[in-house]
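S.K.: Quick one: structure below, then a few questions.
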Amino acid sequence: MEAINEISEPTGKHTRTAWIPAFGSGLLSVLIVFMLSIFSPHSAAAQDKNNVVRIAKLVIDSAQLQNYMAALKEHAETAVRVEPGVLTLYAVAEKNNPTHITVFEIYADAAAYQAHLQTAHFKKYKSTTKDMVKSLELVETTPIVLAAKPRL
């Protein structure tokens, strides 16, 4: 078992620790590479060193899974559509454990990420889903390469 810290938004401070089964780091790595190689609208040439790339690992209450997925879909589609600084939001569930959801996020820069946290649609998502999320781990990353074929 691995300790997973929940980090509150927007302060980024640890708020509690929950014990959940560890996410397979190999699976997560494969998932991220796959998502970037297939779906990202950005080419390696378009990668900006100021991009903020984050991974959110969530465990959702199984009784609330369908409601959570609907709220997440609404939030992600709205954020990408209306916020120029939200470049990518991908969400996937583990095939054999659908309550384990990973969200891959790319923002233009730190200011875009901070602006995202203040939007009405993000606040609605957080308030709507607060009782659905059993645990949350936010992972800060350093992009190495973000490469994909451009969308046609």
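Heads up, the sequence shown is in my numbering, so the first residue is 137 and it goes up one at a time.
Glycine included, every Cβ here is placed at the ideal spot set by N, Cα and C.
1) Where in the segment 258-286 do unbroken runs of the beta strand (DSSP E), each at least 3 residues long, occur, reported from the N-terminal end onward?
2) Distance, Cα to Cα, residue 271 vs residue 184?
3) Quick check: what's the CA-CA separation for residue 237 versus residue 212?
4) Just to confirm, are residue 135 and residue 224 a CB contact at a threshold of 7 Å?
5) Measure from the alpha carbon of residue 291 to the alpha carbon of each residue in 241, 207, 197, then state which is nearest.
6) First and last residue of the beta strand (DSSP E) that includes residue 241?
7) Spatial neighbours of residue 269 within its chain, please: C-beta separation below 8 Å, excluding the five flanking residues on both sides.
8) From the DSSP output, read off the bridge partner residues of residue 225.
9) How would you call residue 273, buried or exposed, if buried means at least 16 neighbouring beta carbons within 10 angstroms?
10) Are the beta-carbon atoms of residue 188 and residue 246 separated by less than 7 Å?
11) Roughly how many angstroms separate the alpha carbons of residue 216 and residue 286, rounded to a whole number?
12) Quick one: Cα of residue 209 to Cα of residue 230, how far?
M.R.: Judging by the given coordinates:
1) If we require 3 residues or more, the beta strand (DSSP E) runs fully inside the segment 258-286 come out as 269-276.
2) Here residue 271 corresponds to residue number 135 of the sequence shown, with the count starting at 1. Here residue 184 corresponds to residue number 48 of the sequence shown, with the count starting at 1. Each residue's CA atom was taken as its position, placing residue 271 and residue 184 some 31 Å apart.
3) Start at 1 with the first residue of the sequence shown, and residue 237 comes out as number 101. Start at 1 with the first residue of the sequence shown, and residue 212 comes out as number 76. Cα to Cα, the separation comes out at about 14 Å.
4) Because the chain in this structure spans residues 137 to 288, residue 135 falls outside the shown range and cannot be described.
5) Since the displayed the chain opens at 137 and closes at 288, residue 291 lies outside it and no answer follows.
6) To locate residue 241, count along the sequence shown from 1; it is residue 105. Annotation: the continuous beta strand (DSSP E) that includes residue 241 extends over 233-243.
7) As a position in the sequence shown, residue 269 is number 133, starting the count at 1. The residues are 194, 195, 196, 197, 204.
8) Numbered from its first residue, the sequence shown carries residue 225 at position 89. Beta-bridge annotation (DSSP): residue 225 is paired with 241.
9) By one-based count along the sequence shown, residue 273 stands at place 137. With 16 or more Cβ atoms within 10 Å of its Cβ, residue 273 is classed as buried.
10) The residue given as residue 188 occupies position 52 in the sequence shown. The residue given as residue 246 occupies position 110 in the sequence shown. Between residue 188 and residue 246, the CB-CB gap stays under 7 Å.
11) Numbered from 1 along the sequence shown, position 80 holds the residue referred to as residue 216. Numbered from 1 along the sequence shown, position 150 holds the residue referred to as residue 286. Annotation: residue 216 to residue 286 spans about 17 Å, alpha carbon to alpha carbon.
12) As a first step, residue 209 must be located in the sequence shown, where it is residue number 73. As a first step, residue 230 must be located in the sequence shown, where it is residue number 94. Roughly 16 Å between the two C-alpha positions.
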